[in-house]
Structures are given as C-alpha cells and as structure tokens.
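Numbering (this note's numbering), first residue to last: 1 to 219.
Virtual Cβ for every residue (Gly too), placed ideally from N, Cα, C.
Data first, discussion second: the structure below is written as structure tokens.
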C-alpha cells in the first residue's frame, strides 16, 4: 500500500512539473511611446492567456532612479508578437508607508480626484494631494483644491497621453501645482499619488494589433 501511494505521489509530482515545462515565458515590454522598456516576464501555455494581464514594476526599476522607489507602475498587456508581450501604461500608485511619512499633525491635507481626457483622447483618473506647511481653514482648502483641479485639467488638455503620464510620474505636475498653490497658502509638498487609465483613445488600433499578433503566433 505504501509503495502504491508513493508511486501515485511521484506521478502527481511529474504531472505538475510537466505543466510548467509546457509554459512559455513571455517578455513584457512597454509600448514604444514609453520607450519600449523591458518590464518583466509572465508564463503561459497559451498566448491568449497573456492578454489582459497586468504587470507591476517600481518606477525605480523602470528608470534606474533610486529616488522613485515609492511609486509602483502598472502596465496592461494588449498584444503578443512571438514571445514578446506589448503592454500599455495602466496606472500607478504610491506606497502607504511613503504617504504616511509625509503627513504631519497641525497641517492640512487637500485631495483632488478627477477624471480628465488627454489631448489625444485617453481618459485618466488622477489623484493628487497638497500637504500644507501648517493648518489651513475651510476657505483656503477650497481655493487650493480648485487650483489643483484647474491645473490638472489644463495639463491634460495640452498634453498627449505619454506626456501626461510623464508629467504625473516625474514631477512636472506636482511642481506646477506647488508653484501655483503656494501663492494661495504655504505648501510643504504635492504628490500625484495615484492614476488609472479608464479608456484608451485608440482602442480599435489596439484590437487590430492583438489580432495581427495572434495571427503571427499562429503562423
């Protein structure tokens, strides 16, 4: 009996190992407008299973800049060519530890959360926060929030999707908000702490790319 159980266990182990042997490791790359940088790997035994997966990386790993360690960036796979998966920017967030470290007593936090459409038609949910040097009253908070919303909307209108994403991730947006808001009230810091792509402007083109990629794999 013991021998039979041992044999069955070995067969199960072999089956598990065989399943992994069947999988192909796909290399994930960002779209050309984001530099076509390598993001990571994902395994699958069918290329169709890779489509729609979301890959996570840190902005530090993506750029080589150690000061960007607090931001996590997400890319969603929408196309396959051979063993390469093409992924579009999908959003970012900021670690809770970093956010907690920025918040102090006797100071105010003013959040702005809004959906904007970029110059080329991509819809992005953007979340930013102004942290004041000391406590602000209700009127000052309202004025600061209005200014944040005004700046974010203006930047979306004047920038393409890649430009807008870069402004969020690399500080241009936070710097512009800070420079304008400190005219209203002393500001300690501004953080664009989260974003999410709600819709792609070129969805039809992306679907065409996926179809073409699938045909290439089939060949």
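Handout entry: Of the listed residues 132, 194, 199, nearest to residue 184 (C-alpha basis)
Key = Residue mapping note: residue 184 aligns to position 184 of the chain shown, counting from 1. Comparing Cα-Cα distances from residue 184 to each of 132, 194, 199, the minimum goes to 132.
Problem - Cα-Cα separation, residue 55 to residue 70 - result: Within the chain shown, the letter at position 55 stands for residue 55. Within the chain shown, the letter at position 70 stands for residue 70. The straight-line gap from Cα to Cα measures roughly 17 Å.
Handout entry: beta strand (DSSP E) runs contained entirely in the region 15-75, provided each spans 3 or more residues
Key = 24-30, 38-44, 54-58
Problem - Which of helix, strand or coil DSSP assigns to residue 133 - result: On the chain shown, position 133 is the one that residue 133 refers to. In this structure, residue 133 counts as coil in the three-state DSSP scheme.
Problem - Per-residue burial, residue 89 [other beta carbons within 10 Å of its own, 16 or more giving buried] - result: Locating residue 89 in the chain shown gives position 89, counting from the first residue. The residue in question, residue 89, is buried, as its Cβ has 16 or more Cβ neighbours within 10 Å.
Practice task
Assign residue 134 to one of two classes, buried (16 or more other C-beta atoms within 10 Å of its C-beta) or exposed (fewer than that).
Solution key: For the purposes of this step, residue 134 is identified with residue 134 of the chain shown, where counting begins at 1. Counting Cβ neighbours within 10 Å, residue 134 comes out exposed, since fewer than 16 surround it.
Practice task
State the start and end residues of the unbroken beta strand (DSSP E) segment that holds residue 93.
Solution key: Stepping through the chain shown from its first residue, residue 93 is reached at position 93. Residues 84-94.
Exercise for the section: Taking the CB atoms as reference points, tell me whether residue 57 and residue 40 lie closer together than 8 Å. Expected result: To locate residue 57, count along the chain shown from 1; it is residue 57. To locate residue 40, count along the chain shown from 1; it is residue 40. Going by C-beta atoms, residue 57 is nearer than 8 Å to residue 40.
Exercise for the section: Report the option in 96, 91, 102 whose CA atom is closest to the CA atom of residue 115. Expected result: The residue you call residue 115 lines up with position 115 of the chain shown. The candidate whose alpha carbon is nearest that of residue 115 is 91.
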